[in-house]
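Have a look at the structure below, then the notes.
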Amino acid sequence: MRRTAGALELLDGPVPMADRAAALADIERLSSWFGGYALTLREVHRLAARAPGDRALVVLDIGGGAAGLAVRAVRQARRRGRTIRVVVLEREAATLALARRACAAFPEIFLVRADATALPVRSRTADVATCSLTLHHLEPDEAVASLSEMARATRLGVILNDLLRTRFACVLVWLGTRLLRCHPISRHDGPLSVRRAYSPPELAALAARAGLGPLAIRRHPVVGRLVAVAS
14 MRRTAGALEL LDGPVPMADR AAALADIERL SSWFGGYALT LREVHRLAAR
64 APGDRALVVL DIGGGAAGLA VRAVRQARRR GRTIRVVVLE REAATLALAR
114 RACAAFPEIF LVRADATALP VRSRTADVAT CSLTLHHLEP DEAVASLSEM
164 ARATRLGVIL NDLLRTRFAC VLVWLGTRLL RCHPISRHDG PLSVRRAYSP
214 PELAALAARA GLGPLAIRRH PVVGRLVAVA S
């Protein structure tokens with residue numbers, strides 16, 4: 014299945030705040046129900062085991078949207094008695110406004126407006142970078158720039174979680190966004206996101222260009238996800 018290049022998802026452009034909130038709520042719901050968040054958090058926990066326990070674990074969430082992953086990462090850390098700071102980096106100001114509401118009760122979360130290709134952080138000041146459902150929004154040169162920035166900023170590793178580009182995943186997302194009565198934006202953007210996603214070989218090649226190092230890539234075809242870790 015060939016990658017669809019150059020196409021823009023509706024959520025990448027200007028949309029009314031109510032529609033943006035509804036579409037992001039769909040992403041939150043689907044990522045929660047079908048294990049997208051859990052897959053990333055499992056890898057965060059694995060990498061966190063290598064960090065010194067006498068200081069806060071610092072996580073960068075690239076393209077963190079409405080902070081759904083960040084909130085769950087903080088809750089997981091609290092349950093385990095681990096101090097954590099999560100920096101959500103998001104390009105869209107409207108999305109950050111929604112994130113601000115979602116994480117009002119979580120002082121461990123910091124919100125920063127930034128582009129994924131130019132992270133406003135010093136080198137090796139974070140332990141882990143996560144990037145969920147974001148990389149497919151970037152064309153190859155942009156993806157390489159973003160991966161290079163993640164490698165520069167982190168001490169322990171980078172976790173990438175995106176859609177698996179298969180016909181089965183495309184059908185799964187098409188059906189899911191309709192059966193679950195998702196917003197029209199989600200019904201449009203979901204299948205397109207699958208078609209825009211990078212395959213494992215493509216992702217490995219992008220990481221090599223970025224100097225990220227070898228990726229451990231795991232496919233999760235039942236839920237249409239791919240998780241890659243560089244550490």
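According to the numbering used here, the sequence shown is numbered sequentially starting from 14. Glycine is no exception: its CB is placed at the ideal position from the N, C-alpha and C atoms. If you're wondering where the values come from, they're calculated on a predicted model, not measured in any experiment.
Tell me whether the beta-carbon of Leu146 lies closer than 9 Å to the beta-carbon of Leu176. yes
Quick check on His196: does DSSP put it in helix, strand or coil? coil
Meets three-Cβ-pair contact criterion under 8 Å: the region 129-143 and the region 107-114: no
Does Asp67 come out as helix, strand or coil in the three-state DSSP assignment? coil
With DSSP run on the structure shown, which of helix, strand or coil describes Val235? coil
Among the candidates Asn174, Ile40, Leu43 and Ala164, whose CA atom is the shortest distance from the CA of Leu148? Cα-wise, what sits closest to Leu148 is Asn174.
Candidates Glu215, Gly237 and Ser199: which alpha carbon is nearest Pro153's? It is Glu215 whose Cα lies nearest to the Cα of Pro153.
Once the 5 residues before and after Ala80 are set aside, which same chain residues still bring their CB inside 7 Å of it? Closer than 7 Å at the Cβ level, and outside the excluded window around Ala80, lie Val101, Ala112, Ala115, Cys116 and Ile122.
Touch check for the region 32-39 and the region 196-212: three-plus C-beta pairs under 8 Å? yes
Beta strand (DSSP E) containing Val125: first to last residue? Ile122 to Arg126
Measuring CB to CB, does Ile230 end up less than 9 Å from Glu56? no
How big is the Cα-Cα spacing for Ala164 and Ala241? 13 Å
Contacts around Arg104, its chain only, beta-carbon distance under 6 Å, and the 5 residues preceding and following it disregarded: Asp128
Whose C-beta lies closer than 7 Å to the C-beta of Met14 among residues of the same chain, with five residues either side of it excluded? Arg178, Thr179 and Arg180
Distance, Cα to Cα, Leu124 vs Arg98? In a straight line, the C-alpha of Leu124 is about 11 Å away from that of Arg98.
Would you call the CB atoms of Gly7 and Val207 closer than 9 Å? There is no way to answer for residue 7, as the model of the chain reaches only from 14 to 244.
Measuring CA to CA, which of Asp25, Leu73 and Arg168 is closest to Arg63? Comparing Cα-Cα distances from Arg63 to each of Asp25, Leu73 and Arg168, the minimum goes to Arg168.
Considering only the beta carbon of each residue, do Ala20 and Arg191 sit closer than 9 Å? No, Cβ-Cβ distance for Ala20 and Arg191 is not below 9 Å.
To the nearest angstrom, how far is the alpha carbon of Ala35 from that of Ala61? 33 Å
Looking at the secondary structure, which residues open and close the beta strand (DSSP E) in which Glu103 lies? Counting along the chain, the beta strand (DSSP E) containing Glu103 begins and ends at Ile97 to Glu103.
Unbroken beta strand (DSSP E) runs of length 3 or more, entirely within the region 122-164: which are they? 122-126 and 139-145
Could you please give me the residues that DSSP links to Ile230 through a beta bridge? Ala241
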